[in-house]
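Below you'll find the structure, written out as structure tokens, and then a few comments.
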Amino acid sequence: MGAEVGGMNFVPAAFLELHRRSRDAISLTAALLALGLTFPARLSAAEGEGLAGIITEFSADRLVIEGAYTIPAAESTLARQETLLKSWQERLEALPYDPLAPAARIDWHLLRNYLASELADSKLQRARLEEMEPMLSFRRPLQDLLAARDARKEVDPEKAAEVLAKALTEVKEIRKKTGQGKEKDPPAEALKPSAVLAQRTAGALDDLRRALAEWFQFYDGFQPDFGWWARQPHGALAKELEDLSGFLRREIAGLKGEPDDPLIGDPIGADALASQLSAECIPYSPAELVAIAEKEFAWCEGQMRQAATAMGCADGAEALAKIKARHAPPGGQPSVAVTEAIKAIQFLKERDLVTIPPLAEETWRLGMIGAAQQKSMPYAVYGSPHMMIAYAHESMSQEEKMMSMRGNNAAFLHIVTPHELIPGHHLQLFQSRRFSPQRQLFRTPFLVEGWALHWEMLLWDLGYTATPEEKVGALFWRMHRCARIIVSLKFHLGEMKPAEMIDFLVQRVGHERSGATAEVRRYIGGGYGPLYQAAYMLGGMQIRSLYQDLTGPAPSTGQPRLTPRQFHDAVLHEGAIPVEFIRAALTGQPLPRDWKSGWRFADGK
Numbered sequence: 109m110g111a112e113v114g115g116m117n118f119v120p121a122a123f124l125e126l127h128r129r130s131r132d133a134i135s136l137t138a139a140l141l142a143l144g145l146t147f148p149a150r151l152s153a154a155e156g157e158g159l160a161g162i163i164t165e166f167s168a169d170r171l172v173i174e175g176a177y178t179i180p181a182a183e184s185t186l187a188r189q190e191t192l193l194k195s196w197q198e199r200l201e202a203l204p205y206d207p208l209a210p211a212a213r214i215d216w217h218l219l220r221n222y223l224a225s226e227l228a229d230s231k232l233q234r235a236r237l238e239e240m241e242p243m244l245s246f247r248r249p250l251q252d253l254l255a256a257r258d259a260r261k262e263v264d265p266e267k268a269a270e271v272l273a274k275a276l277t278e279v280k281e282i283r284k285k286t287g288q289g290k291e292k293d294p295p296a297e298a299l300k301p302s303a304v305l306a307q308r309t310a311g312a313l314d315d316l317r318r319a320l321a322e323w324f325q326f327y328d329g330f331q332p333d334f335g336w337w338a339r340q341p342h343g344a345l346a347k348e349l350e351d352l353s354g355f356l357r358r359e360i361a362g363l364k365g366e367p368d369d370p371l372i373g374d375p376i377g378a379d380a381l382a383s384q385l386s387a388e389c390i391p392y393s394p395a396e397l398v399a400i401a402e403k404e405f406a407w408c409e410g411q412m413r414q415a416a417t418a419m420g421c422a423d424g425a426e427a428l429a430k431i432k433a434r435h436a437p438p439g440g441q442p443s444v445a446v447t448e449a450i451k452a453i454q455f456l457k458e459r460d461l462v463t464i465p466p467l468a469e470e471t472w473r474l475g476m477i478g479a480a481q482q483k484s485m486p487y488a489v490y491g492s493p494h495m496m497i498a499y500a501h502e503s504m505s506q507e508e509k510m511m512s513m514r515g516n517n518a519a520f521l522h523i524v525t526p527h528e529l530i531p532g533h534h535l536q537l538f539q540s541r542r543f544s545p546q547r548q549l550f551r552t553p554f555l556v557e558g559w560a561l562h563w564e565m566l567l568w569d570l571g572y573t574a575t576p577e578e579k580v581g582a583l584f585w586r587m588h589r590c591a592r593i594i595v596s597l598k599f600h601l602g603e604m605k606p607a608e609m610i611d612f613l614v615q616r617v618g619h620e621r622s623g624a625t626a627e628v629r630r631y632i633g634g635g636y637g638p639l640y641q642a643a644y645m646l647g648g649m650q651i652r653s654l655y656q657d658l659t660g661p662a663p664s665t666g667q668p669r670l671t672p673r674q675f676h677d678a679v680l681h682e683g684a685i686p687v688e689f690i691r692a693a694l695t696g697q698p699l700p701r702d703w704k705s706g707w708r709f710a711d712g713k
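Below, the structure is given as structure tokens:
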């Protein structure tokens, strides 16, 4: 693994050493396992500096289980994953803790935290399966067919056909009952799933149908009597599963593939939200986090009024409207992004704020987000090595073109570009592949997005947003991050519906309605974890707090413990892990075995 420089493979010496240590640790672990032994009473020197070998082995085990146990909507799949997680919990607890070096202790807690979080998620998945049971009650005999193939057992075509035919009858009955649920006076046996449950169940039905198709293809044409028995019932069942899925999605959830389809998400609830906050080392309740966001929002609004006055505007809304009108002409957005990227890099170098490897500076690229994709990605995003730009496309309607150009104006792009490229995600990903790579398993948005948000705030403090227009653009995004905390947490608590989330982004932040709708669609669509949206501002506040502690005067000497460059390089070298663990590493805290998160970063504790 290396980067190409001048046509030659160049691998940094630090990476070679890290690779050697990881390799040695893996070899030691493999040898012990081959002898039927567990981890040694004393760690090797390599493991003493970190648990790269142990983490790598667990990651490999996890990938094997996930690849081998793929039966959808099955308790057996969850059970096998839980068995793996619990066995690793036992192995980790048996590992002697006192000999561990500080870095290894952080790795130990990271892995323990990850295992507990995955088990909590499995509990949530079981609860969701139970909610879908009335509409998936036919599934277990079908899953037994899939499991028999996985267990390398021979298929009995006649018995398999009987299972398929019985499931077909049951699916038809479920379809009938869900149809009755829409009647004005439904019978007692009618099924009346909510839109959320209907959408989730439709996805499970699609997964099961695809798994059965793969099962059928494994035998069809290879076992002479299989097709004779199974072809007709399998085909009929596949059609009925597709019809039921489509009915749930279209008629119950209201998702018909139209632009005005309702936005439907799947809230996880207060208990699961608390569990995930604990896993991310955020010792605050959702209500406390909303209050933090409101406080930050109020600061932004005050700054917005000042910037608006400096622009000669009556209020923030007028100032936003003014900067939105200053956008690039059609086709001109890439040039604006290039100019902003070069400007940001020069600013960083002049102030020696972070190490920028020449290869990282050389290899960032630009791409365009298509018109269809902008329905869920209305603003620039990073997709290694590209900063993907959202802008008006000729296929859009006139209204869509104007909203896209207004929503991606020059003032907005001024702070978005360093967020996505350097010093933001491009630099971050470049370094994460070179330092502490074993910790990628524990990757958290509180560091990934928090890193980019920390830079937005620091660049503000250092005067990078110099003009009133640039300040309005930066404040729009900071208010947007505050709003993300509020709307996403309230959504998962059941306190805010998608339409209310959109209105909040339009009225409180100043989004174009198309942009707000696309943002909410992305927040609740299932592609991001429940805390992802809150992680931007909260992670940024964590890093900002740590930065102020370590680059400010030390109590004992009055001198900074780290320069800004030393601080930022050190954060990148620790990996994209929860920020409280980075705090422990940078402050030299040897974490005790019974360590628990308790850093109240927002109130100075």
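Its first residue numbered 109, the sequence shown is counted upward by one per residue in the numbering used here.
For every residue, glycine included, the Cβ atom is placed at its ideal position computed from N, Cα and C.
Being a predicted model, the structure only gives us computed values, none of them experimental.
Beta-carbon proximity list for residue i, same chain, < 8 Å, skipping 5 on both sides
{"i": "H217", "result": "F689, L699, W703"}
{"i": "P661", "result": "Q667, P668"}
{"i": "A445", "result": "L474, A488, M495, I497, L521, T525"}
Test item: CB-CB of residue i and residue j under 8 Å
{"i": "R318", "j": "R236", "result": "no"}
{"i": "I453", "j": "I530", "result": "yes"}
{"i": "F709", "j": "M649", "result": "yes"}
{"i": "P375", "j": "H600", "result": "yes"}
{"i": "P486", "j": "G365", "result": "no"}
{"i": "S167", "j": "L549", "result": "yes"}
{"i": "G712", "j": "I651", "result": "no"}
{"i": "A211", "j": "G287", "result": "no"}
Exposure of residue i, with buried meaning 16 or more beta-carbon neighbours within 10 Å
{"i": "R541", "result": "exposed"}
{"i": "G110", "result": "Legend: pLDDT at G110 = 38, less than 50; position of this residue unreliable, value from coordinates given subsequently. Exposed, by the Cβ-count rule."}
{"i": "G515", "result": "buried"}
{"i": "P394", "result": "buried"}
{"i": "L143", "result": "Note that L143 scores 35 on pLDDT, short of 50, meaning its location in the model is unreliable; the coordinates nonetheless yield the value given after this. With fewer than 16 other Cβ atoms within 10 Å, it is exposed."}
{"i": "P207", "result": "exposed"}
{"i": "R357", "result": "buried"}
{"i": "D229", "result": "buried"}
{"i": "W407", "result": "exposed"}
{"i": "F330", "result": "exposed"}
{"i": "K579", "result": "buried"}
{"i": "W336", "result": "exposed"}
{"i": "I632", "result": "buried"}
{"i": "D104", "result": "Examination of residue 104 is not possible in this model, given that the chain is present from 109 through 713 alone."}
Extent of the continuous beta strand (DSSP E) run through residue i
{"i": "I477", "result": "473-477"}
{"i": "Y327", "result": "Unbroken run through Y327 is the alpha helix (DSSP H), 303-327; no beta strand (DSSP E)."}
{"i": "Y490", "result": "489-491"}
Neighbourhood of residue i by C-beta, 6 Å cutoff - its chain only, sequence neighbours within 5 removed
{"i": "P148", "result": "For P148, the pLDDT reaches just 37, beneath the cut-off of 50, and the residue's location in the model is therefore unreliable, leaving the point undetermined."}
{"i": "R459", "result": "none"}
{"i": "T463", "result": "D677"}
{"i": "D369", "result": "L363"}
{"i": "R586", "result": "C408"}
Contacting residues, own chain, Cβ-Cβ under 7 Å from residue i (five flanking each side not counted)
{"i": "V442", "result": "The question names Val, but residue 442 in the sequence shown is Pro. So the list reads L474, I497, once near-sequence residues are dropped."}
{"i": "F752", "result": "The question about residue 752 has no answer here: the residues shown for the chain are numbered 109 through 713."}
{"i": "P438", "result": "A500"}
{"i": "K57", "result": "The structure shown does not extend to residue 57, since the chain is modelled only from 109 to 713, so the question has no answer here."}
{"i": "M604", "result": "V595, K598"}
{"i": "E469", "result": "I453, I530"}
Where the alpha helix (DSSP H) through residue i begins and ends
{"i": "H494", "result": "No alpha helix (DSSP H) contains H494, which is instead part of the beta strand (DSSP E) from 494-498."}
{"i": "S596", "result": "576-600"}
{"i": "P606", "result": "606-612"}
{"i": "L75", "result": "In the structure as shown, the chain starts at 109 and stops at 713, and residue 75 therefore has no counterpart that could be examined."}
{"i": "G161", "result": "160-176"}
{"i": "T665", "result": "Per DSSP, T665 belongs to no alpha helix (DSSP H) and is neither H nor E."}
{"i": "M720", "result": "The structure shown does not extend to residue 720, since the chain is modelled only from 109 to 713, so the question has no answer here."}
{"i": "I690", "result": "687-695"}
{"i": "A202", "result": "183-202"}
{"i": "D258", "result": "247-258"}
Euclidean distance between Cα positions of residue i and residue j
{"i": "A626", "j": "Q411", "result": "27 Å"}
{"i": "L397", "j": "L227", "result": "25 Å"}
{"i": "F324", "j": "G354", "result": "22 Å"}
{"i": "M371", "j": "A275", "result": "A quick correction: the sequence has Leu, not Met, at residue 371. About 32 Å."}
{"i": "L385", "j": "L639", "result": "8 Å"}
{"i": "A519", "j": "L597", "result": "29 Å"}
{"i": "G478", "j": "M504", "result": "10 Å"}
{"i": "E239", "j": "I360", "result": "16 Å"}
{"i": "A399", "j": "I594", "result": "9 Å"}
{"i": "R188", "j": "I173", "result": "8 Å"}
{"i": "K285", "j": "E165", "result": "48 Å"}
{"i": "S544", "j": "L694", "result": "14 Å"}
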